[in-house]
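S.K.: Sending over a structure as structure tokens; questions will come in a sec.
Protein chains in written order, with my numbering: chain H, 19 to 339; chain V, 19 to 339.
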């Protein structure tokens, strides 16, 4: 499975007119002299509330019509589920989403609201992969994986193409890393279009699987991380994404849970956006990089904004995490 | 003092490259069939946090250099103060802002942070107009009025030009009305560029001075309104703005305090923006218009996002207002 910039260009033409071209924002407040300048690519404003729609839509749109007609399957309780359900609906097909029985009711509802069927499983006794596989075989459906797939990576990479078109000049890019689909797509796009830009990844300290894997030079498996950044509950970088990260990402910056919360508040104050904790991981990392590289222009990808209202209020208040 | 579209075009060239071209957002959630479609012009993302920078910058930039050098004066404790202070700084001059002694510390601080001097007064014993006038005379400064000035109205009108460029088609426009500078500028721009668009104003029930004035056919004075929409604490429409509103605004929609709070929550859920209550007045009015005119495309101006963090949390929680 080769993957390259050409795949991203193809994705760009597939998603055009359906997936939103999200804005790039700057702070409403005046900058202190010499400080780094931040630019925010707002995927929290993407249709379905997260960048995940890009990859999901690209994957499903690339299926041949007879294959697509049978529908798709995904296992996820978060942004990927909602993105697959939304993309399926937009493309006139149907999604089944495998979700744990104890997933928050609000997430089940959000996924059902876009017309998907939910298949519940017991996460202590059953394997979601096996369930999804069985559905695919019985119903001739296609699995839409969360990150380790060339079409998914290419879809996320379209953010890099848009950044290139939207921003005159920038020096650094910071993106959060879960499975690595987002950063490997964007890094591939920028390696072609803006080879001078330095790419940095961001992980929560507790979800440092990519950080450790880069240190060791091979994919490391960690226990399911305990972090408020729920988009980072991944235990290992992908088979496809990891080599791209090794080649193109300069460094992974780790941030604490407290820094994530402060990042959410910083964003409320400076760009008036509601973001989810995973996005704030990139913000927190960028703030650290800003002190190391004053005067630079830093592009930050805000990956999503799907945060529970009650949770968001608590985080804004600074309750202990 | 004549005022027309030409003034807005001149304002557009004065503010270009300094005042942000704010994005137009759509909901991240899929729309129900037949429902009206909302588009949000996000002045909460404007430099200084509100549309007010457009008018203030246009006014100060239009002063001749020898006049501008002596500095400017404004009386306001809200977005206008911050906008005048920011514009003065950006144009290399200096602002003095007349503010009540009992203004919230956070607002004094925000205005000082952009380099303005604050002149405190006792609002029960002193007249802020008289104080501002005295400063102007003694220091040869120029007064920057909050709305009733052709250069201010022209600056706010640039939002209409941007909407015309950013939006393919829309049927209705909804803007909040304080003193009327925003809506009269935008309505003048759209009367020229999109004469088919119907313009609606939005006021809080308690701040219905323009609603009443339109009914009576002349400017009506009301007591200082008690509403969470602090940008609407104006007791009468302007001498210049009112005739424009009479000519170009189809109707003023009134909304309750509860509807304003629900508007803020709707915006958090659908477009992930933090807005101030005055912006939510327009959102609440648009939601009412949507039930009257299903299937239409409604552009809504979110006027600003400068809301106290604690206050915002309470509103999000649905505490009684």
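Ideal Cβ placement from N, Cα and C applies to all residues, glycine included.
List the residues that DSSP assigns as beta-bridge partners of residue 218/V.
M.R.: DSSP lists 192/V, 269/V as partners of residue 218/V.
S.K.: So what's residue 167/V in DSSP terms, helix, strand or just coil?
M.R.: Coil at residue 167/V, not helix or strand.
S.K.: Of all the CB atoms in chain V, is at least one closer than 8 angstroms to the CB of residue 246/H?
M.R.: Chain V contact via Cβ: absent.
S.K.: I need the boundaries of the beta strand (DSSP E) containing residue 58/V, first residue and last residue.
M.R.: 55-60 is the extent of the beta strand (DSSP E) around residue 58/V.
S.K.: Taking Cβ to Cβ, would you say residue 205/H is nearer than 8 angstroms to residue 262/H?
M.R.: Yes, these two residues count as a Cβ contact at 8 angstroms.
S.K.: At a Cβ cut of 7 angstroms, what residues of the segment 307-337 of chain V count as close to chain H, listed as they run along the chain?
M.R.: Those residues of the segment 307-337 of chain V that come within reach of chain H (Cβ to Cβ, closer than 7 angstroms) are 323, 327, 331, 334, 335.
S.K.: Taking CB distances under 8 angstroms as the criterion, tell me whether residue 127/V reaches chain H.
M.R.: So, not an interface residue.
S.K.: State the start and end residues of the unbroken alpha helix (DSSP H) segment that holds residue 282/H.
M.R.: Residues 275-289.
S.K.: By alpha-carbon positions, which one of 108/H, 285/H, 54/H, 316/H ends up nearest to residue 181/H?
M.R.: Measuring from the Cα of residue 181/H, the nearest candidate turns out to be 316/H.
S.K.: Just to confirm before moving on: does the CB-CB distance between residue 220/V and residue 286/V stay below 8 angstroms?
M.R.: Not a contact, by the Cβ cut-off of 8 angstroms.
S.K.: Among the candidates 270/H, 117/H, 281/H, 259/H, whose CA atom is the shortest distance from the CA of residue 175/H?
M.R.: Minimum Cα distance to residue 175/H is reached at 259/H.
S.K.: Does any CB atom of chain H fall closer than 8 angstroms to the CB of residue 63/V?
M.R.: Yes, residue 63/V lies at the interface with chain H (some Cβ there is under 8 angstroms from its Cβ).
S.K.: I need the straight-line Cα distance from residue 121/H to residue 140/H, nearest angstrom please.
M.R.: Roughly 10 angstroms between the two C-alpha positions.
S.K.: Excluding sequence positions up to five away, which residues of its chain have a Cβ less than 6 angstroms from the Cβ of residue 173/H?
M.R.: Result list for residue 173/H: 29, 72, 73, 76, in chain order.
S.K.: Using only the alpha-carbon positions, how far apart do residue 37/V and residue 211/V sit?
M.R.: Their Cα atoms are separated by approximately 21 angstroms.
S.K.: Starting from the Cα of residue 245/V, find the closest Cα among 266/V, 310/V, 275/V and give me that residue.
M.R.: Comparing Cα positions, the closest option is 275/V.
S.K.: Quick one: is residue 146/V near chain H, going by C-beta distance under 8 angstroms?
M.R.: No, its Cβ sits nowhere closer than 8 angstroms to a Cβ of chain H.
S.K.: Within 10 Å of its beta-carbon, does residue 70/H have 16 or more other beta-carbons around it, so buried, or fewer, so exposed?
M.R.: Buried, by the Cβ-count rule.
S.K.: Quick one: list the residues of chain H neighbouring residue 111/V, beta-carbon separation under 7 angstroms, in chain order.
M.R.: Those do not exist, as residue 111/V stays about 15 angstroms from chain H at its closest Cβ, beyond 7 angstroms.
S.K.: Helix, strand or coil: how does DSSP classify residue 253/H here?
M.R.: Coil.
S.K.: Output the distance between the C-alpha atoms of residue 191/V and residue 277/H, rounded to the nearest integer angstrom.
M.R.: Straight-line Cα distance between these residues: approximately 41 angstroms.
S.K.: If you check the beta carbons only, do residue 46/V and residue 65/H fall under 8 angstroms apart?
M.R.: Closer than 8 angstroms, so yes.
S.K.: Could you tell me whether the segment 87-96 of chain H touches the segment 106-121 of chain H, where touching means 3 or more Cβ pairs closer than 8 angstroms?
M.R.: Judged by Cβ distances under 8 angstroms, the segment 87-96 of chain H makes contact with the segment 106-121 of chain H, as three or more pairs qualify.
S.K.: Which ranges does the beta strand (DSSP E) cover as unbroken runs of at least 3 residues, wholly within the segment 132-167 of chain V, from first to last along the chain?
M.R.: Correct list: 135-139.
S.K.: Going by beta carbon distance, what residues of the same chain come within less than 8 angstroms of residue 147/V, once the five residues before and after it are set aside?
M.R.: Cβ neighbours of residue 147/V beyond the five flanking positions: 93.
S.K.: Which residue spans inside the segment 92-131 of chain H form an unbroken beta strand (DSSP E) run of at least 3?
M.R.: Listed in chain order, they are 113-118.
S.K.: Determine, using beta carbons only, whether residue 180/V comes closer than 8 angstroms to chain H.
M.R.: No, because no Cβ of chain H sits closer than 8 angstroms to the Cβ of residue 180/V.
S.K.: Can you give me the C-alpha to C-alpha distance between residue 159/V and residue 323/V, rounded to a whole angstrom?
M.R.: Approximately 29 angstroms between the Cα atoms of the pair.
S.K.: Going by beta-carbon coordinates alone, are residue 252/V and residue 201/V separated by less than 8 angstroms?
M.R.: Their beta carbons are not under 8 angstroms apart, which means residue 252/V does not touch residue 201/V by this criterion.
S.K.: Closest Cβ-Cβ distance between residue 89/H and chain V: below 8 angstroms?
M.R.: It does not; no Cβ of chain V falls within 8 angstroms.
S.K.: Hey, residue 132/H and residue 48/V: beta-carbon distance below 8 angstroms or not?
M.R.: Cβ distance < 8 angstroms, so residue 132/H and residue 48/V count as in contact.
S.K.: Going by beta-carbon coordinates alone, are residue 79/V and residue 32/V separated by less than 8 angstroms?
M.R.: Taking 8 angstroms as the Cβ cut-off, residue 79/V and residue 32/V qualify as a contacting pair.
S.K.: Residue 271/V: which of 233/V, 239/V, 87/V sits nearest, CA to CA?
M.R.: Considering only alpha carbons, the answer is 233/V.
S.K.: Please identify, using Cβ separations under 8 angstroms, the residues of the segment 281-300 of chain H that lie next to chain V, in order along the chain.
M.R.: The segment 281-300 of chain H vs chain V, Cβ under 8 angstroms: 283, 286, 287, 289, 290, 291, 292, 293.
S.K.: State yes or no: is the beta carbon of residue 84/V nearer than 8 angstroms to at least one beta carbon in chain H?
M.R.: It does not: the Cβ of residue 84/V has no partner Cβ on chain H nearer than 8 angstroms.
S.K.: Could you have a look at residue 179/H and say whether DSSP puts it in helix, strand or coil?
M.R.: Correct three-state label for residue 179/H: helix.
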